[in-house]
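If you use full-length UniProt numbering, the sequence shown corresponds to residues 1 to 100, in order.
Note that beta-carbon positions come from the ideal geometry of N, C-alpha and C, so glycine has one too.
Below you'll find the structure, written out as structure tokens, and then a few comments.
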Amino acid sequence: MELLAEERRGLILSVFAKFFGPRAADPNEYVERDWAAEEWSRGCYGGRFGGGVWTGYGEALREPVGLTHWAGTETAEVWNGYMDGAIRSGERTAREVLTA
């Protein structure tokens with residue numbers, strides 16, 4: 001379900017008010033951007049897969065191919081796309097290499 005811009009704004013500001021108090025519901029300025037629609041970044045610093053790709057093929061992204069082992073935030077089992085995921089992925093890959 002796609003929300004209209006004003007509906008999204010109201011929803012977001014109500015959540016802000018819940019966590020930060022009533023003043024958060026009345027910001028001096030409100031800017032909204034669809035980062036996934038940006039021509040050059042396509043959303044963020046990490047890989048962004050289409051619907052069903054991660055759930056259908058996620059394990060294949062981290063399976064070794066011969067002597068090549070894959071590490072990086074995009075191959076993390078949890079915290080995919082974040083620094084924590086990158087660290088976990090590096091640790092997983094190091095264990096794989098040590099036991100290969």
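Residue burial classification, residue i (beta-carbon count within 10 angstroms, cutoff 16)
{"i": "ARG88", "result": "buried"}
{"i": "GLY85", "result": "buried"}
Option in the options with minimal Cα separation from residue i
{"i": "ARG33", "options": "GLY43, GLY72 and ALA24", "result": "GLY43"}
{"i": "TRP79", "options": "TRP54, PRO27, GLU2 and VAL31", "result": "TRP54"}
Residue i versus residue j - alpha carbon distance
{"i": "ALA25", "j": "ARG8", "result": "13 Å"}
{"i": "PRO22", "j": "PHE16", "result": "8 Å"}
{"i": "GLU29", "j": "ALA37", "result": "22 Å"}
{"i": "MET83", "j": "THR73", "result": "7 Å"}
{"i": "PRO27", "j": "HIS69", "result": "48 Å"}
{"i": "GLU39", "j": "ALA5", "result": "21 Å"}
{"i": "LYS18", "j": "GLU2", "result": "23 Å"}
{"i": "GLY51", "j": "ARG95", "result": "30 Å"}
{"i": "SER14", "j": "GLU63", "result": "43 Å"}
{"i": "THR99", "j": "THR75", "result": "19 Å"}
Min CB distance residue i to chain D below 8 Å
{"i": "GLY90", "result": "Looking for chain D here will not work: only one protein chain is present."}
Sheet register partners of residue i (DSSP bridge)
{"i": "VAL78", "result": "In DSSP, VAL78 forms no bridge with anything."}
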